[in-house]
Amino acid sequence: MKTNAGNLKRGDFVFYQDTIWQVQKADFYSPGKGAALMKTRIKNILSAKNIEYNYKSNEQVDVLDVSSVEMQYLYKDSENIFLMDERTYNQFSLSLVVVGKTADFLKEGEKMFVYLYNDKPLTIRPPMSVSLKIIEAADAIKGDTVTGAKKPAIVETGVTVLVPLFIKVGEMITVNPETGEYTGRV
Amino acid sequence: MKIKTSINNLNNYKIYLRVEEEVNKFFKRKGYLKADLPVLSPALIPESYLEIFETKFRYFNRKEKLYLTPSPELFLKRLLITGIGNCYYLGKAFRNSEPNSSWHLPEFTMLEFYKVGINYLEMADEVLELLRFISVRLSFRAKSRNLKKNDNRISFERWEKYSITQAFLKFAGITEEELFNQKLFIKKAKSKGYKVDSASYEDLFSQILAQEIEPRLGKSGYPSLLYDYPYELSSLAKLNKNGKIAERCEFYIDGLEVGGFCTELNDYKEQEKRFFQESEKRKKNNLINHTIDKGFIKTLKYGLPDCTGAGIGFDRLVMIFANVDSIDKLKLINIL
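Chains W and C, in that order, give the protein sequences. Following full-length UniProt numbering, the numbering of the first sequence begins with 1 at its first residue and continues without gaps. Following full-length UniProt numbering, the numbering of the second sequence begins with 1 at its first residue and continues without gaps.
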């Protein structure tokens, strides 16, 4: 589907130099004198590399007609994560490079949306937050009263998250899987 | 669009007020007259890339088109012709088809000022003095996102200067010959992978400037100045002796375009010709066919004094001193 670059928005998939990229940021910009531009940051869906690209705002851009399908996360190996479309039982894989940090916070059975283009998966739409159990954490050090102080804790997927000092083993916390940051207690 | 109240922006808004105060103080000390001007006008100066807001005055059967001014230039130059001397406007300006973004609001605050008897390069000194004045009065609070050292304050002691020719050669590998020849320039843009179908020289100029040059500016911690533009990009600037270069500057702070200035064109015949060209380009670009300010040309016949005019996106200037990355963070009320 063709559109003016001026209509691009975060989340769109575009062709750029014959490969597929996802728009991470799109911001209108017009110089004092001269033609308007769309400043974008786009991410290559194979290499996960980000670049900044300035389109002419009236330039025609191919936006991919992408569908998003809810899938269940099955497991991961050293290179890929594996997902299943629950309606068709079809299985798909996506490379860890594409999924990024989010893969560290996925629990088996977790549901999320996957973008498909011509029935091939492009990438996942990371959940806004995931709930995870704390399996290891140091006790709070007495007398440490610095506001906002954090300590490392290990969550059930085996990765370390910085959490506030009052969090204990066995508690459930929420994490933003894209950044790996603690967002709250369940 | 919706009305959004953002009381969290109060501290930033207070910085906006501080900068406004200092700007008024600066111009008062330098002897400029502050001009309060209309924002509704029955005619405008045609500019090929600016879309405008159109409205109507109504009284019984009488209907008259009016436009919100995209810049106060048509008023300030009329005043200069009367011999009013150095003057400035600090107030609202309107540009249509510019959606809200980090750097744009369709309704924004413009600082425009004119100084008589100086050219564009002398104006560069005046602008730097203004920036330094604000910086000192606000205790050097403008910080650079580009400087990776502990003291990342922006210094307004000097410019980082490039002529457009130098900048295109250094950062984009485009020679002077290619830059000043439309055909060669478009060919070069194509070889660099830009889409050139139905793109004009001006379109590609802006795109390459934003893609390859602007990200390289402001790394030194000083504001950046680009000067001497191809004449196609300056409808109201005076040309230099060989007729190819417009005496125009644009300046950037920390990589953000904040304002520009040019030695003002005061040859009314040349001005009339460019009005016509810009108006034709407007039609080609499918922009609103507004009433052209013919009175402006008539007034120019009386003689605009030799002067240089500068326009500064005031909100953007405040963004620098408030250290915010988006223009809406300066406002208590936004229409988003």
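We treat Cβ as the ideally placed atom computed from N, Cα and C, and that holds for glycine. A quick note: this is a predicted structure, and the numbers were derived from the prediction, not measured.
Hey, could you find the ends of the beta strand (DSSP E) C:Y229 is sitting in? What you label residue 229 of chain C is simply residue 229 of the second sequence in a count that begins at 1. C:Y229 -> beta strand (DSSP E) spans 224-230.
Going by CA-CA distance only, name the one from W:D65, W:M84, W:V63, W:V99 that's closest to W:S78. For this step, residue 78 of chain W is matched to residue 78 along the first sequence. Across the set W:D65, W:M84, W:V63, W:V99, the C-alpha of W:V99 shows the shortest separation from the C-alpha of W:S78.
Give the straight-line distance between the Cα atoms of W:Q24 and W:G11, rounded to the nearest whole angstrom. Locating residue 24 of chain W in the first sequence gives position 24, where the first residue counts as 1. Locating residue 11 of chain W in the first sequence gives position 11, where the first residue counts as 1. Going by the C-alpha atoms only, they are around 6 Å apart.
From this set, C:Y88, C:F321, C:E107, which residue's C-alpha is nearest C:F94's C-alpha? Working through the second sequence from its first residue, we reach residue 94 of chain C at position 94. Ranking C:Y88, C:F321, C:E107 by Cα distance to C:F94 puts C:E107 first.
Anything in chain W within Cβ reach of C:F171, meaning under 7 Å, just list it in chain order. As a position in the second sequence, residue 171 of chain C is number 171, starting the count at 1. Within 7 Å Cβ-Cβ: nothing; C:F171 doesn't reach chain W, min ~14 Å.
Roughly how many angstroms separate the alpha carbons of C:S102 and W:F13, rounded to a whole number? For the purposes of this step, residue 102 of chain C is identified with residue 102 of the second sequence, where counting begins at 1. For the purposes of this step, residue 13 of chain W is identified with residue 13 of the first sequence, where counting begins at 1. Each residue's alpha carbon lies about 22 Å from the other.
Between the alpha carbons of W:Q91 and W:G158, how many angstroms are there, rounded? Taking the first sequence and counting its residues from 1, the one referred to as residue 91 of chain W is at position 91. Taking the first sequence and counting its residues from 1, the one referred to as residue 158 of chain W is at position 158. For W:Q91 and W:G158, the distance between alpha carbons rounds to 25 Å.
Would you check if the distance between the CB atom of C:K143 and the CB atom of C:R153 is smaller than 8 Å? Position 143 of the second sequence, counting from 1, holds the residue named residue 143 of chain C. Position 153 of the second sequence, counting from 1, holds the residue named residue 153 of chain C. Result yes, Cβ atoms of C:K143 and C:R153 sit closer than 8 Å.
Nearest-angstrom beta carbon gap, C:Y222 and C:R316 [assumed within contact, 8 Å]: Position 316 of the second sequence, counted from the start, is the residue given in the question as residue 316 of chain C. Position 222 of the second sequence, counted from the start, is the residue given in the question as residue 222 of chain C. C:R316 to C:Y222, Cβ: 17 Å. No contact.
Should C:R58 go down as buried or exposed, given a rule of 16 or more other Cβ atoms within 10 Å for buried? Locating residue 58 of chain C in the second sequence gives position 58, counting from the first residue. It is exposed - the Cβ of C:R58 has fewer than 16 other Cβ atoms within 10 Å.
Assign C:E178 to one of three DSSP states: helix, strand, or coil. For the purposes of this step, residue 178 of chain C is taken as the residue at position 178 of the second sequence. Collapsing the DSSP output to three states places C:E178 in a helix.
For W:G32 versus C:E202, is the C-beta spacing smaller than 8 Å? In the first sequence, counting from the first residue as 1, residue 32 of chain W sits at position 32. In the second sequence, counting from the first residue as 1, residue 202 of chain C sits at position 202. No, the pair does not count as a contact, with Cβ atoms beyond the cut-off.
Curious, which full-length alpha helix (DSSP H) runs of at least 4 residues does the segment 98-153 of chain W contain? none
Would you say C:P215 lies against chain W (beta-carbon separation less than 8 Å)? Walking along the second sequence from the start, residue 215 of chain C turns up at place 215. With 8 Å as the cut-off, C:P215 counts as an interface residue toward chain W.
Check the Cβ-Cβ distances between W:Q91 and every residue of chain D, and say whether any is below 8 Å. No chain D appears in the structure shown, which is made up of the protein chains W and C.
Ignoring anything shorter than 3 residues, give me the beta strand (DSSP E) runs that lie fully in the segment 14-74 of chain W, in order along the chain. 19-29, 37-44, 50-56, 60-62
Which runs of the beta strand (DSSP E), 3 residues or longer, sit entirely within the segment 64-111 of chain C? 87-94
Which residues in chain W sit within 7 Å of C:K195, going by Cβ to Cβ distance? Here residue 195 of chain C corresponds to residue number 195 of the second sequence, with the count starting at 1. Near C:K195 (Cβ distances below 7 Å), the residues of chain W are E59.
If I'm right that C:L40 touches C:L74 with Cβ under 8 Å, what's the distance once you round it to whole angstroms? Stepping through the second sequence from its first residue, residue 40 of chain C is reached at position 40. Stepping through the second sequence from its first residue, residue 74 of chain C is reached at position 74. Contact doesn't hold; Cβ gap of about 12 Å is too wide.
Please identify the residue among W:E86, W:V186, W:A149, W:L122 whose C-alpha is closest to the C-alpha of W:V130. Within the first sequence, numbered from 1, the residue matching residue 130 of chain W stands at position 130. Minimum Cα distance to W:V130 is reached at W:V186.
Only counting runs of 3 or more residues, tell me where the beta strand (DSSP E) segments fall wholly within the segment 262-316 of chain C, in order along the chain. Correct list: 307-313.
Name, please, each residue of chain W whose Cβ falls closer than 9 Å to the Cβ of C:Y16. To locate residue 16 of chain C, count along the second sequence from 1; it is residue 16. Neighbours of C:Y16 on chain W: none; closest Cβ ~20 Å, over 9 Å.
If you draw a straight line from the alpha carbon of W:N54 to that of C:N266, how long is it in whole angstroms? Start at 1 with the first residue of the first sequence, and residue 54 of chain W comes out as number 54. Start at 1 with the first residue of the second sequence, and residue 266 of chain C comes out as number 266. Whole-angstrom Cα-Cα distance: 35 Å.
Please say whether C:P42 and C:T291 have beta carbons closer to each other than 8 Å? Position 291 of the second sequence, counted from the start, is the residue given in the question as residue 291 of chain C. Position 42 of the second sequence, counted from the start, is the residue given in the question as residue 42 of chain C. Result yes, Cβ atoms of C:T291 and C:P42 sit closer than 8 Å.
So which residues of chain C does W:D27 contact, with C-beta pairs closer than 7 Å? What you label residue 27 of chain W is simply residue 27 of the first sequence in a count that begins at 1. Within chain C, the residues whose beta carbon sits less than 7 Å from that of W:D27 are S101, S102, listed in sequence order.
Of all the residues that make up the segment 7-22 of chain W, which are near chain C by a beta-carbon distance shorter than 8 Å? Q17
I'd like the list of long-range same chain contacts for W:M84, defined as Cβ closer than 8 Å, with 5 residues on each side in sequence excluded. Counting from one through the first sequence, the residue named residue 84 of chain W turns up at place 84. Result list for W:M84: M71, Q72, L74, N90, Q91, F92, in chain order.
Go through its chain and collect everything with a Cβ distance to W:M112's Cβ below 6 Å, but skip five positions before and after it. Here the question's residue 112 of chain W lines up with position 112 in the first sequence. Here the set comprises I124, P127.
Residue from W:I154, W:V69, W:K107 whose Cα sits closest to the Cα of W:N118: Here residue 118 of chain W is taken as the residue at index 118 of the first sequence, counted from 1. Out of W:I154, W:V69, W:K107, W:V69 has the C-alpha closest to the C-alpha of W:N118.
Just to make sure I have the definition right: I need the residues of chain W whose C-beta is within less than 8 Å of the C-beta of C:Y49. Which are they? Working through the second sequence from its first residue, we reach residue 49 of chain C at position 49. What C:Y49 touches in chain W: S30, K33, G34, A35, A36.
Span of the beta strand (DSSP E) around C:K56: As a first step, residue 56 of chain C is located in the second sequence; it is residue number 56 there, counting from the start. Counting along the chain, the beta strand (DSSP E) containing C:K56 begins and ends at 53-59.
If the cut-off is 9 Å on Cβ atoms, which residues from the UniProt domain "Elongation factor P C-terminal" (130-185) of chain W count as contacting chain C, listed in chain order? none
Going along the chain, which residues of its own chain have a beta-carbon closer than 6 Å to the beta-carbon of C:K112, five neighbours each way excluded? As a first step, residue 112 of chain C must be located in the second sequence, where it is residue number 112. Rather than Lys, the amino acid found at residue 112 of chain C in this sequence is Glu. For C:E112, where only same-chain residues beyond five positions count, the Cβ hits under 6 Å are P72, Y89, G311.
DSSP puts C:I245 in a beta bridge; with which residues? Translated into positions along the second sequence, residue 245 of chain C becomes position 245. C:I245 pairs with C:P230.
Please report whether the beta-carbon of C:Q211 lies at a distance below 8 Å from any beta-carbon of chain W. Counted from its first residue, the second sequence places residue 211 of chain C at position 211. Answer yes: the Cβ-Cβ gap between C:Q211 and chain W drops below 8 Å somewhere.
List the residues of chain W whose Cβ lies closer than 9 Å to the Cβ of C:F205, in chain order. In the second sequence, residue 205 of chain C corresponds to position 205, counting from 1. Within 9 Å Cβ-Cβ: G34, A35.
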